């Protein structure tokens with residue numbers, strides 16, 4: 024794995040949302056996913072991955088709130104992802120049935136930095152966007168859905184060679200399917216009422 028400097032990542036996030044999301048997940052996604060899995064083993068993996076992707080989107084939108092003197096970016100990202108899981112539970116976005124009060128104390132360690140302002144934290148568009156995204160994924164043809172789900176499980180983009188071998192397809196076909204499903208998702212989400220900027224949350 025490459026060496027990542029928190030300040031460098033923060034600058035990349037500021038300069039571009041789409042690239043920033045990829046950079047953040049590439050640097051810290053596996054680590055944060057493992058934390059979520061350890062804390063919420065009974066929540067479906069698909070829901071944890073949705074929360075992780077949504078957390079990356081929130082982090083990119085709130086990069087100017089990051090303060091390296093208050094903690095590492097990995098810890099900051101973990102806090103955001105943790106709160107995204109809590110939000111999903113509150114709104115019944117998962118199949119996991121348990122009183123949300125049981126999870127209030129799991130939001131963050133005492134020394135974890137406050138990741139973003141109340142204005143960002145209370146955004147109403149995010150849960151609706153998550154639902155629109157998942158509904159759109161399920162509307163894809165089976166072939167496109169297989170690639171889309173694999174990319175979601177990989178926190179962004181599955182290894183093309185491995186996926187091609189698993190699905191019995193050529194790598195060029197995987198790339199074509201990836202381009203097609205992304206276009207179809209963007210189009211579907213726009214039809215569901217989201218403007219062009221929301222595509223960067225995917």
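In this note's numbering, the protein residues as written are 24 to 225.
Backbone N, C-alpha and C define an ideal beta-carbon position, used for all residues, glycine too.
Predicted, not measured: the structure shown is a model, and the values here were computed from it.
Counting along the chain, the unbroken alpha helix (DSSP H) around residue 195 starts and ends at 194-214. Counting along the chain, the unbroken alpha helix (DSSP H) around residue 110 starts and ends at 96-113. In the DSSP assignment, residue 90 falls outside any alpha helix (DSSP H), carrying neither H nor E. Short of 7 Å from the beta carbon of residue 190, and not among the five residues preceding or following it, lie these beta carbons of its own chain, in chain order: 169. It is roughly 12 Å from the alpha-carbon of residue 188 to the alpha-carbon of residue 181. Bounds of the alpha helix (DSSP H) holding residue 183 are 183-190.
Rounded to the nearest whole angstrom, the CA to CA distance from residue 167 to residue 66 is 25 Å. In this structure, the straight-line span from the alpha carbon of residue 55 to that of residue 195 is close to 31 Å. Burial check for residue 94: the Cβ neighbour count within 10 Å reaches 16 or more, so the residue is buried. Boundaries for residue 63: no alpha helix (DSSP H) harbours it, and the DSSP string shows neither H nor E there. A direct Cα-Cα distance of roughly 11 Å separates residue 154 from residue 77.
Bounds of the alpha helix (DSSP H) holding residue 168 are 165-176.
In this structure, the beta-carbon distance from residue 158 to residue 111 does not fall below 8 Å.
In summary, residue 98 is buried, with 16 or more beta-carbon neighbours lying within 10 Å of its beta-carbon over all protein chains present. A Cβ-Cβ distance of about 11 Å is found for the pair residue 208 and residue 175, leaving them out of contact under the 8 Å criterion.
Non-local C-beta neighbours of residue 103 in its own chain, meaning closer than 6 Å and more than five positions away in sequence, comprise 78, 81, 82, 138, ordered along the chain.
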